[in-house]
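Each residue of the sequence shown is one higher than the last, beginning at 1 in the UniProt record's numbering. Working notes for the structure below.
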Amino acid sequence: MDAIKSNSTSDLPPQSLLLTFDDGYIDHFTDVFPVLDREKLSGCFFPPAKCILESQVLDVNKIHFILACVPDKSVLVNYIYQSLDENRSLYHLESSEFYWQKCGVPSRYDTAEVMFVKYMLQRELLEKLRYVITNELFKKFVSNDEKAFSKELYSSIDQISCLQRNGMYIGSHGFDHYWLNSISEDDQRKEIDLSLEFLKKIGSDPFRWIMCYPYGEYNESLLTILKERNCSVGLTTKVGVADLNSDNPLTLPRLDTNDLPKDSKLEPNEWTIKVKSG
C-alpha cells in the first residue's frame, strides 16, 4: 500500500498485487475479510458513502437487481419506452429510436438490451427522471422495502470501521456512485468532499488517499480536484497491469476477476502470463 501511495516500486517484491473490492457489499465483510485476516493479507475496500450512511440502495445496484429479476429484457426496454412517451414533452426527450441507437450497443459482457437499460437509467436521462423510472421498476420487480434490502446488501458503518481497524484500507468510491465524468465540476467537488468526510468518520487517512472511480470514469476537471485534495492514486476499470514506473498514478488500470482464469488448473491467460513475465 505504501508503495502504491508513493508511486514507487523499490520496496515491492516480485509479482506483487493489490486486492481491491468495490461498492461496500456485506459479503466483503462476512466472506472476504475472514479469508484475508486468516492469510494475514490486506485489501483495499471502496464503499460508496451514501449507501453505508443512509441505508439506500444505489441506483446501479437497483438496476442490477431489476435486470436479474426480469429474464425477458424486452419487458424493461418497453417499460422505458412507455416512460419516454409519457414524459417526452415535460423533459423535451428525443425519440425512443434515438435513444436505442445511442444506448443499445452491446459491450464485452452485456447484450444490447441490457446496455440500453443500464445507460438510460444510469446516465442518459436527467437524474430526476432516471430516479422515478428506476424506483418504479425496483418496487415492481424487486422489493418494496428499500431500507431492509439495503441492510442485507451493504456493510454497515461499524463493519467498515472494523475493516479499517484491522489493517484493511478504506478508500473513496464517491458519495452517490455517480458517473463522475458526467456531472459538473461543482458537483464533482461535492462528491469528493462528502466521500472524504466519510473516510474521516471511519478513521481512514483523508490526506494521502486512494480514489476508485465509479464505473471507472473520470475527466480532467476531476483529476484536477483530486490533486487539490491530495489524492495519491486513482483506480480505473481500464483492463491492464499497472506499471508504477510509467503509468499516471491517478489513472491506474486494473484486472477484473473476469479477466483471470477461474480455476488454478486452467492454462494461464494473457494477463497471468504478463504478470509472471513482468
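Just so it is clear, CB atoms sit at the ideal spot from N, CA and C, and this is done for glycine as well.
A buried status is given to Ser83, since no fewer than 16 other beta-carbon atoms sit within 10 Å of its beta-carbon. From the listed residues Ser55, Leu93, Thr20, the smallest Cα separation to Cys44 is found for Thr20.
Linking Ala68 to Trp100 through their CA atoms gives a straight-line distance of about 21 angstroms. Contact annotation: Trp179 and Arg229 have beta-carbon atoms that are not nearer than 8 angstroms. DSSP places Lys238 inside the beta strand (DSSP E), whose first and last residues are 231-239.
The stretch 202-216 makes no contact with the stretch 75-93, as fewer than three CB pairs between them are under 8 angstroms. The Cβ atoms of Arg208 and Leu235 do not sit closer than 8 angstroms to each other. Nearest to Ser161 by C-alpha distance, out of Ala49, Val275, Leu18, is Ala49. Where Trp179 is concerned, there is no enclosing beta strand (DSSP E), because DSSP gives it neither an H nor an E.
C-alpha of Lys139 to C-alpha of Ile63: approximately 11 angstroms in a straight line.
Classified as buried, Leu250 has 16 or more neighbouring CB atoms from the shown chains inside 10 Å of its CB.
Taking the Cβ atoms as the reference, Glu152 lies roughly 14 angstroms from Ile52, outside the contact range of under 8 angstroms. Contact between Ile210 and Ser232 holds, since their C-beta atoms are separated by about 6 angstroms, short of 8 angstroms.
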